[in-house]
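Sequential numbering of the sequence shown, starting at 636, is according to the numbering used here.
Idealized CB from N, CA, C, for every residue including glycine.
Okay, so here's the structure we're looking at.
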Amino acid sequence: MNTTAAALQAHVTTATIRTWCRTGVIAAAKVAGRWIIDTASLAARIAIGAMRTRKQATQMIDLTATYTITLIADQGPITITPTVKRRTTPHAGNIIRISGIVPLLADRIDTITDFGDRAHAVTVLQNASIVITDTYNAAWDREAGARDGGQLRTTYRGEIPQVSIDDILDLAAQLRTQLTQEA
């Protein structure tokens, strides 16, 4: 296979294919001044690129997001931003606590049409937090607000119909993946 055909198949430029050939990213041999590319090697490289694209497509949670709402008419609006605190203890290992989770659930909160219900949801979620730890404790397996032996926990108790405890624990699992990759 030549560089033009390889570029078309890999959805990259011919210059990229030539670079891959020169640097050994794909198996190729130069014959009469032109690269002849091994099709199996190219297919393997394309598969690696597809895996990388899928991995990058995983949506990152924006921990700098804000949510602004006026809860009381004659007072100004409040803006809520998540706070991430990390610490290490001898008995519980590494602990990450995320509070102010309202902006992380904005899409669900915004579906609440009644303002009073929405204000209640914001107040409840503003006071809720997520705890992520690397220490497993089987006693947590029976707790409604915990998962993975307490490695994922929440103080939220399910007071809002649009947001379940499982929704919060799913968010906690995503955050665990994201925050451990960042660390």
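- Pair every Cβ in the stretch 783-803 with every Cβ in the stretch 756-768, then say whether three or more of these pairs are closer than 8 Å. Counting Cβ pairs under 8 Å, three or more are found: they touch.
- Message: Give me, in chain order, the residues of the same chain whose beta-carbon lies closer than 7 Å to that of residue 772; leave out the 5 immediate sequence neighbours on both sides.
- Response: Taking the sequence shown and counting its residues from 1, one reaches residue 772 at position 137. Contacts found: 784 and 785.
- Task: Within 10 angstroms of the Cβ of residue 725, are there 16 or more other Cβ atoms? Answer buried if so, exposed if not.
- Result: For the purposes of this step, residue 725 is taken as residue 90 along the sequence shown, with counting starting at 1. Classification for residue 725: exposed.
- Task: Within the same chain, show all residues whose beta-carbon is closer than 8 Å to that of residue 691, passing over the 5 residues directly before and after it, in chain order.
- Result: Taking the first residue of the sequence shown as position 1, residue 691 is located at position 56. Any reading at residue 691 is ruled out, since the residue's pLDDT is 49, under 50, leaving its predicted position unreliable.
- Message: Taking the alpha carbon of residue 715 as the reference point, which residue from 769, 729, 728 and 698 has its own alpha carbon closest?
- Response: Here residue 715 is taken as the residue at index 80 of the sequence shown, counted from 1. Selection 769, 729, 728 and 698 evaluated against residue 715 yields 698 as nearest (Cα-Cα).
- Query: Nearest to residue 790 by alpha carbon, out of 767, 809, 797 and 812?
  - Reply: Here residue 790 is taken as the residue at index 155 of the sequence shown, counted from 1. With respect to the C-alpha of residue 790, the residue from 767, 809, 797 and 812 having the closest C-alpha is 767.
- Message: Measuring straight from C-alpha to C-alpha, what distance separates residue 649 and residue 683?
- Response: On the sequence shown, residue 649 is found 14 positions in, with the first residue counted as 1. On the sequence shown, residue 683 is found 48 positions in, with the first residue counted as 1. So the alpha carbons of these two residues sit roughly 18 Å apart.
- Message: Please state the DSSP three-state secondary structure of residue 792.
- Response: Indexing the sequence shown from 1 puts residue 792 at position 157. Secondary structure at residue 792: coil, using DSSP grouped into helix, strand and coil.
- Task: Rank 813, 661 and 754 by C-alpha distance to the C-alpha of residue 631 and give the top, closest one.
- Result: Within the shown structure, residues of the chain are numbered from 636 to 818, placing residue 631 beyond reach of any answer.
- Item | Segments of 3+ residues assigned as beta strand (DSSP E) that fall wholly inside the stretch 708-732 | Entirely contained in the stretch 708-732, the beta strand (DSSP E) runs reaching 3 residues are, in chain order, 713-715 and 718-724.
- The beta strand (DSSP E) enclosing residue 666, as first and last residue numbers: Taking the sequence shown and counting its residues from 1, the one referred to as residue 666 is at position 31. Bounds of the beta strand (DSSP E) holding residue 666 are 663-666.
- If you measure from the CB of residue 711, is any heavy atom of the ligand SAH nearer than 8 Å? This structure lacks the ligand SAH; in fact it carries no ligand of any kind.
- Item | Opposing strand residues paired with residue 768 [DSSP bridges] | If you number the sequence shown from 1, residue 768 lands on position 133. Bridge partners of residue 768: 730.
- Task: Using alpha carbons as the reference points, say which of 739, 744 and 703 lies closest to residue 695.
- Result: The residue given as residue 695 occupies position 60 in the sequence shown. When each option's Cα is compared against that of residue 695, the closest is 739.
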